[in-house]
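The structure appears right after this line, and notes come after that.
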Amino acid sequence: MRKKGIQTNDPHIQALARIVGGEKSILYKKEDLIAYDCDGFTVHRHLPKAVVFPKNTEEVAAIVKYCHEHDLPFLARGAGTGLSGGAIPLNGEVIISLVRMKRLISVDLENRRAVVEPGFVNLKLTNSISDRGYYYAPDPSSQYCCTIGGNVAENAGGAHCLKYGVTTNHILGLEVVLPNGEIIEIGENGIPDPPGYDLLGLLTGSEGTLGIVTKITVRILK
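So the number in my numbering is just where the residue sits in the sequence shown, counting from 1, plus 75.
See below:
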């Protein structure tokens, strides 16, 4: 009979499991971690310490804060389709997988914007609004499975970028968990983006090094 509960004495694994609600939201056994030893760039492979699956911004912030306070390296991961190695745990990081944060929160056709969670798949946004003549322009070749959060991290483009630009040209606002666990909002409904440093542009394409994006307001076109 399979034993229930966390089967490890590692206090960090136990603490992270409590944050995300138990064993169903964390991986820590070697046989489970192998699937996360690389992203789409398969030349280098390294096992993470653990993979946690938060369900909301508060859980992401709690994980990041715990890792920050205990000097545990961590990184964010979307669908793992990236080809730049941004989600490879080179130093045994804790991987924060955002695939369970996959809601289309709202669509505002009048103002041509939508709000999504980072695990929302790119092509699903266009499919959700195409019947009304709208679409989301950034279209990387992996758009059928890549996530918009990953697109933000990598500043992804696609065939339409020649006409419409890449991801950064379609981001209106971000909710971000900073490396110390603090939650901030930039752009729409958050810190305004006045003349000066382009904070939205700085975060887009930063591969998670400046913070983990947990909510995204994007521009949609017709």
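Every residue gets a Cβ at the ideal spot worked out from N, C-alpha and C, and that includes glycine. Keep in mind it's a predicted model, so treat the numbers as computed, not measured.
Inter-residue Cα distance where the pair is Phe195 and Ile180: 10 Å
Own chain, CB closer than 6 Å to Glu282, minus 5 neighbours either side, in chain order: Gly161, Ala228
Ser217 classed as buried or exposed, judged by whether at least 16 other C-beta atoms fall within 10 angstroms: buried
Where Leu237 falls, given that 16 or more other Cβ within 10 Å makes a residue buried: exposed
Option in Cys220, Glu185, Asn186 with minimal Cα separation from Ile202: It is Asn, not Ile, that sits at residue 202 in the sequence shown. Ranking Cys220, Glu185, Asn186 by Cα distance to Asn202 puts Cys220 first.
Stretch pair the segment 148-161 + the segment 113-122: three plus CB contacts closer than 8 Å: yes
Beta carbon of Ile101 nearer than 8 Å to that of Val135: no
Three-way DSSP call (helix, strand, coil) for Ala189 in this model: strand
Contact under 8 Å by Cβ, Thr83 with Val252: no
Start-end ranges of the beta strand (DSSP E) lying completely within the segment 115-165, minimum 3 residues: 125-127, 149-152
Through-space distance from Glu263 to Glu257, alpha-carbon basis: 18 Å
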